[in-house]
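Residue numbers (full-length UniProt numbering): 1 to 105.
Below is one structure, written out as structure tokens; comments come after it.
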Amino acid sequence: MIYMFKIAVVGDKDSILAFKALGVDVFSVYDSEEARKTVDTIARNNYGIIFITEQIANLIPDTIERYDKEIIPAVILIPSNQGTLNIGMSRINKNVEKAVGSNIL
1 MIYMFKIAVV
11 GDKDSILAFK
21 ALGVDVFSVY
31 DSEEARKTVD
41 TIARNNYGII
51 FITEQIANLI
61 PDTIERYDKE
71 IIPAVILIPS
81 NQGTLNIGMS
91 RINKNVEKAV
101 GSNIL
């Protein structure tokens, strides 16, 4: 059986609107409560990858951490149009180190 998962992007409107042109479902949020509810709803609705802007992820660290323990959905932090907070790259480094045993990046 083949599973088809969707891709979503969560963040502020200005940062994520361009993803719509790529066929990705975009969810614009404005505060932590809305972000938390949106991510939880997306995770329950057949999304395999959820991209979240670092600024929004910074508002909901408990929610992000909860999905770190799950295989699906994969939660990936991306910079917003305001720049990067280096949270996403730090998470990638940590996961690579956990998988390989040392930081090869």
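Glycine included, C-beta positions come from ideal geometry on N, C-alpha and C.
How would you write the range of the alpha helix (DSSP H) that residue i sits in, first residue to last?
{"i": "Ile16", "result": "13 to 16"}
{"i": "Ile56", "result": "54 to 59"}
Could you give the residue range of the beta strand (DSSP E) that holds residue i?
{"i": "Ala74", "result": "74 to 78"}
DSSP three-state call for residue i: helix, strand or coil?
{"i": "Tyr3", "result": "coil"}
{"i": "Tyr30", "result": "coil"}
{"i": "Val39", "result": "helix"}
{"i": "Ile64", "result": "helix"}
Assign residue i to buried or exposed, taking buried as 16 or more other Cβ atoms, counted over all protein chains shown, within 10 Å of its Cβ.
{"i": "Ala18", "result": "exposed"}
Which whole-angstrom value describes the C-beta separation of residue i and residue j, a residue pair presumed to lie in contact below a C-beta threshold of 8 Å?
{"i": "Ile49", "j": "Ala43", "result": "Contact flag wrong, Cβ pair sits at about 11 Å."}
{"i": "Thr63", "j": "Ile16", "result": "Their Cβ separation, rounded to whole angstroms, is 17 Å, which puts Thr63 and Ile16 out of contact at 8 Å."}
Tell me residue i's beta-bridge partners as DSSP assigns them.
{"i": "Phe51", "result": "Val9, Ile76"}
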